[in-house]
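In this note's numbering, the protein residues as written are 12 to 340.
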């Protein structure tokens, strides 16, 4: 059995939602697709899919394998695309959707440097924190931050994004500094409207409780506004360090409950098709990956406590290890 073909069959079944639809996409018979997946499960000695007459669903092992399989296949196809496009010169209009706060702080220099290297590419950057429909709205790439749900879109992780709970020294002096999660019940919370509280981690789990929701006194779809409100003493915020970095480094905000800091989120480049990816898109993704890797955006460590530094560094090294392992396949 060709492991790569079996992996593609498995990913297609999950993406399309059934063996029959996956077979159509892959231009294979449903029987062969089913055989590929069965052989893959046999080799891995674990069940990847729960099958019923109506649908298929991922097991816990299948969910983990799906995430890694997507990245492995993406790396393989990227290599093929790069080799095939060595003689091509990127040109044309590159339409990008990006989160507002992230783009304002981190994309102007990136795009300027990218166009200095590829002057034939015109960039159309649209800022929005909503999840745009890439196909319907005509975007080549959408940058998204978080832990993405599985979909038919292709997602390449560009960098880890560190998230911290913080507040102003003045607020903590007036209301006390939380020492454990239960202490948050007596505090005001400034809530980011687009935050996915289904993300794993004790902080996110606590944010879903009824008691804590009652203390969410300020809601906004913009992180910069919430940071300014926190600096003014409005309450606690859970925000990426790429937004709160200046306030943290200057002491206007301080980290709260660092031992409960969640694992980093991801900055992803999301696009519609893996096959025949336009050279301008491939060049931008590669350029962006290298650009942000050099700067470690989203994982910068400011004047936090030693244990906080150690935890952030561990998260970053772990992320680098995963990327290195994926690149070997």
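Glycine residues also receive a C-beta, built at the ideal position from the N, C-alpha and C atoms.
Jot down the residue ranges of each uninterrupted alpha helix (DSSP H) in the stretch 145 to 191, minimum 4 residues, whole runs only, in chain order.
180 to 186
Compare the Cα-Cα distances from residue 245 to each of 217, 184, 78 and report the closest residue.
Of the candidates 217, 184, 78, the one whose C-alpha sits nearest the C-alpha of residue 245 is 184.
Jot down the residue ranges of each uninterrupted alpha helix (DSSP H) in the stretch 16 to 85, minimum 4 residues, whole runs only, in chain order.
30 to 37, 41 to 55
Could you tell me the distance, in whole angstroms, from the CA atom of residue 29 to the CA atom of residue 142?
25 Å
Hey, residue 178 and residue 265: beta-carbon distance below 9 Å or not?
yes
Which value, in whole angstroms, describes the spacing of the CA atoms of residue 324 and residue 75?
Low confidence applies here, because residue 324 scores a pLDDT of 39, under 50, leaving its location unreliable; read the following figure in that light. Those two C-alpha atoms are separated by around 23 Å.
For residue 84, which residues of its own chain have a beta-carbon under 8 Å away from its beta-carbon, when the five flanking residues on both sides are left out?
15, 18, 19, 22, 285
Alpha carbon to alpha carbon, how far is residue 154 from residue 78?
Answer to the nearest angstrom: the Cα atoms are 18 Å apart.
8 Å contact criterion, which residue 294 and residue 129 should meet: CB distance rounded
6 Å
Residue(s) in a DSSP beta bridge with residue 281
153, 166
Based on Cα-Cα distance, which residue from 157, 164, 231, 255 lies nearest to residue 215?
Out of 157, 164, 231, 255, 157 has the C-alpha closest to the C-alpha of residue 215.
Once you ignore the five residues that flank residue 271 on each side, which residues in its own chain have a CB closer than 6 Å to its CB?
213, 214
Assigned exposure category for residue 148 - 16 Cβ within 10 Å defines buried:
exposed
Express the C-alpha separation of residue 86 and residue 61 in angstroms, rounding to a whole number.
27 Å
Residue 269 - partner residues in DSSP beta bridges:
Note: residue 269 sits in no beta bridge, so no partner.
Own chain, CB closer than 6 Å to residue 98, minus 5 neighbours either side, in chain order:
Confidence in residue 98 is poor, its pLDDT being 48 and thus under 50, which makes the residue's placement unreliable; the coordinate value appears in the next sentence. Closer than 6 Å at the Cβ level, and outside the excluded window around residue 98, lies no residue.
Could you tell me the boundaries of the beta strand (DSSP E) in which residue 129 lies?
No beta strand (DSSP E) contains residue 129, which DSSP labels as neither H nor E.
Classify residue 306: buried if its beta carbon has 16 or more other beta carbons within 10 angstroms, exposed otherwise.
exposed
Run through the DSSP bridge pairs and tell me what residue 105 is partnered with.
134
Helix, strand or coil, according to DSSP, for residue 228 in the structure here?
strand
Residue 174 Cβ short of 8 Å to the ligand GTP heavy atom set
Questions concerning the ligand GTP fall outside what the structure shown contains, since it holds no ligand whatsoever.
Excluding the five sequence neighbours on either side, which residues of its own chain have a C-beta within less than 8 Å of the C-beta of residue 291, listed in chain order?
101, 102, 103, 105, 129, 132, 151
Please say whether residue 268 and residue 190 have beta carbons closer to each other than 9 Å?
yes
Count the other CB atoms, across all protein chains shown, that sit within 10 Å of the CB of residue 119; report buried if there are 16 or more and exposed otherwise.
Around the CB of residue 119, fewer than 16 other CB atoms lie within 10 Å, so the residue is classed as exposed.
For residue 139 and residue 234, I'd like the C-alpha separation in whole angstroms.
Between residue 139 and residue 234, the alpha-carbon positions lie close to 12 Å from each other.
Using beta-carbon positions only, say whether residue 124 and residue 253 come within less than 9 Å of one another.
For residue 124 and residue 253, no; Cβs fall outside 9 Å.
Check the DSSP bridge columns for residue 202 and list the partner residues they point to.
230
Tell me the residue span of the alpha helix (DSSP H) that contains residue 2.
Because the chain in this structure spans residues 12 to 340, residue 2 falls outside the shown range and cannot be described.
DSSP three-state label for residue 237, please.
helix
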